[in-house]
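**Q** Under my numbering, the first residue of the sequence shown is numbered 13, with each subsequent residue one higher.
Right, I'll just put the structure down here and ask away after.
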Amino acid sequence: MQQPQAFPRRRRYKLPAHEQQDTLLPFVSYLPERSYPHYWQMPVPDDDFAANVAYGRECAGHLLQWLKDNQPYAGGGLLSRIARDIDFDDIDGRGYWIGFFNLLEHALLLSALHLKVFPYVDHYHRTHEGRIWRRQLEERFGRKH
Numbered sequence: 013m014q015q016p017q018a019f020p021r022r023r024r025y026k027l028p029a030h031e032q033q034d035t036l037l038p039f040v041s042y043l044p045e046r047s048y049p050h051y052w053q054m055p056v057p058d059d060d061f062a063a064n065v066a067y068g069r070e071c072a073g074h075l076l077q078w079l080k081d082n083q084p085y086a087g088g089g090l091l092s093r094i095a096r097d098i099d100f101d102d103i104d105g106r107g108y109w110i111g112f113f114n115l116l117e118h119a120l121l122l123s124a125l126h127l128k129v130f131p132y133v134d135h136y137h138r139t140h141e142g143r144i145w146r147r148q149l150e151e152r153f154g155r156k157h
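Written out as structure tokens, the structure reads:
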């Protein structure tokens, strides 16, 4: 049995500039063939499936801490960029994304337990519609500084 991989160093992600904050996540990096970050760069998987799942959970913890430290950027598509870059056909690496998404599901559950879900969804719809309306007005009448 191989030695389990060391987890990424735990850290806080609160920085003054947002532009490079998400690239500080341990699973995000630039690749030479891309001009934008790749959001699922994991180490070569171990033969130990449980260790890979644990590593994925740890990475989900990093994402949760990033969101906690950068609350204004929640809803900005980071999770969709991560999902876009995961190769779900990579059988050897499936432990990583299983652990990652399972921990996120538990975190969502904890949040939902303290939330009136559908009133929150309605509020979110209204907030989103308000942003669209504001953007349309700014485009129509120009921004005043």
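A virtual CB, placed ideally from N, CA and C, is assigned to each residue, including glycine.
So, with DSSP's three-state summary, where would you put residue 47?
**A** Here residue 47 sits in coil by DSSP.
**Q** Check the DSSP bridge columns for residue 41 and list the partner residues they point to.
**A** According to DSSP, which records beta bridges pairwise, residue 41 is partnered with 50.
**Q** Looking at the structure shown, is residue 33 part of a helix, part of a strand, or coil, going by DSSP?
**A** Looking at residue 33 - three-state DSSP - the assignment turns out to be coil, as it is neither helix nor strand.
**Q** Does the distance from the C-beta atom of residue 49 to that of residue 74 stay below 7 Å?
**A** Their beta carbons are not under 7 Å apart, which means residue 49 does not touch residue 74 by this criterion.
**Q** I'd like to know if the region 49–64 and the region 114–124 are in contact, where contact means that at least 3 CB-CB pairs between them fall below 8 Å.
**A** These segments do not touch.
**Q** Under a CB-based cut-off of 7 Å, is residue 149 close to chain D?
**A** Among the protein chains of the structure shown there is no chain D, as only one such chain exists.
**Q** For residue 41, which residues in the same chain have their Cβ closer than 8 Å to its Cβ, ignoring the five residues on either side in sequence?
**A** Excluding sequence neighbours, residue 41 sits near 35, 49, 50, 53.
**Q** Need the endpoints of the alpha helix (DSSP H) that residue 77 sits in, please.
**A** 61–81 is the extent of the alpha helix (DSSP H) around residue 77.
**Q** If you follow the alpha helix (DSSP H) that residue 97 is in, where does it begin and where does it stop?
**A** Taken as a continuous stretch (DSSP letters only), the alpha helix (DSSP H) holding residue 97 covers 90–97.
**Q** Hey, out of 72, 43, 78, whose CA is closest to residue 25's CA?
**A** Ranking 72, 43, 78 by Cα distance to residue 25 puts 78 first.
**Q** May I ask you to report which of helix, strand or coil DSSP gives residue 135?
**A** Residue 135 falls in the helix class under three-state DSSP.
**Q** Assign residue 90 to buried or exposed, taking buried as 16 or more other Cβ atoms, counted over all protein chains shown, within 10 Å of its Cβ.
**A** That one is buried.
**Q** Just reading off the alpha helix (DSSP H) that residue 19 is part of, what are its end residues?
**A** Premise fails: residue 19 is in no alpha helix (DSSP H) and is neither H nor E.
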